[in-house]
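These notes concern the structure reproduced below.
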Amino acid sequence: MRLVMTLIRNVFLACCVVSMLGNIAQAQRKKTSPPPAKTPAAQQVDELSKLHDEYIKATKEYKASLQKLLALYQESVKKAEQKRDQTQKLFSAGLIARVDVEQAELAVTNAGLKVSEAQQQINAADTQIAQVLVEVEGEKQIAKLGPIRRGSLIRTTSFIRYNGVGAWSLSQAGKIEMFFQQAFKRPLPIAVFGQGAIHNQWRLDHHNAMDISLNPDGAEGVALINFLQSNGIPFSAFRTAIPGVATGPHIHIGMPSHRY
């Protein structure tokens, strides 16, 4: 009888141990189970947020490189001016020909043009950066809405997106410029036509698009938007600005830019 009781007790203890081990294993499986997969829209929003941070970093590097380039060009102007002055003295002394003086003058002019180009790139960088960041923020909102059908129009408090109904290319820009010139007696304020420096820096395909420096809620912006929609031309109009940047609201004509 004592032997039977001992066997029963041992079996009971063994069952308890097995049960405890099973509970531990199940708890470990719960801890290590993978998190639920994100929806495609959520993944796209996360990717756009990541791109935003990458763009900010790339922008700082781009502007720093422009400043260094500008300093080099300015130094080249000084050297060209010094050489020109020496050449003029030699010419006055009858030691060199006039063509040498003309070449020295041309070198000064060319060096000055490079300085002007670098300064223009720096000035344009802030505008382009702001516009692209606004577009990124708009894409975040659109990603939450899911796929957009061709020809559909979406309006929110921050942007308007129209997908167009036909093929679009920059070769059609002429008729848009003509409309605006006739309607408002001034040229269409094109900020970026095709691929800009910032788009190259950020690897964004903007070859078949142009950005217009117009507030979509102003009279000119509203007229342009109506013209684009009536002609089936795709566009994205951004109403808001990014905090900390100089500008932002604009009208992007063409399909959205994508990374390449």
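Residue numbering for the sequence shown follows the working numbering, starting at 730 and increasing by one per position. Glycine included, every Cβ here is placed at the ideal spot set by N, Cα and C.
Going by alpha carbons, who is nearest to Lys914 out of Glu949, Thr885 and Leu835?
Glu949
Answer yes if the segment 882-890 comes into contact with the segment 830-845, meaning at least three C-beta pairs across the two stretches below 8 Å, and no otherwise.
no
Going by DSSP, which residues form a beta bridge with Phe922?
Met939
What first and last residue would you give for the alpha helix (DSSP H) that runs through Leu953?
Ala948 to Ser959
C-beta contact flag for Gly983 and Asn937 at 8 Å:
yes
Grouping DSSP H, G and I as helix and E and B as strand, with all else coil, what is Leu819?
helix
Nearest-angstrom beta carbon gap, Ala854 and Lys792 [assumed within contact, 8 Å]:
6 Å
Contacting residues, own chain, Cβ-Cβ under 8 Å from Gly973 (five flanking each side not counted):
Per-residue confidence for Gly973 stands at a pLDDT of 45, beneath the threshold of 50, marking its modelled position as unreliable; no derived number is given.
Identify the continuous alpha helix (DSSP H) that holds Ile902 and give its terminal residues.
In the sequence as displayed, the identity of residue 902 is Ala instead of Ile. Here the alpha helix (DSSP H) through Ala902 covers Ala902 to Phe913.
Just the C-alpha distance for Arg932 and Ala926, rounded to the nearest angstrom, thanks.
10 Å
So for Phe879, helix, strand or coil by DSSP?
This sequence places Arg at residue 879; Phe is not what is there. Reduced to three states, the DSSP call for Arg879 is coil.
Give me the residue from Leu824, Asp940 and Tyr891 with the minimum Cα distance to Gln924.
Asp940
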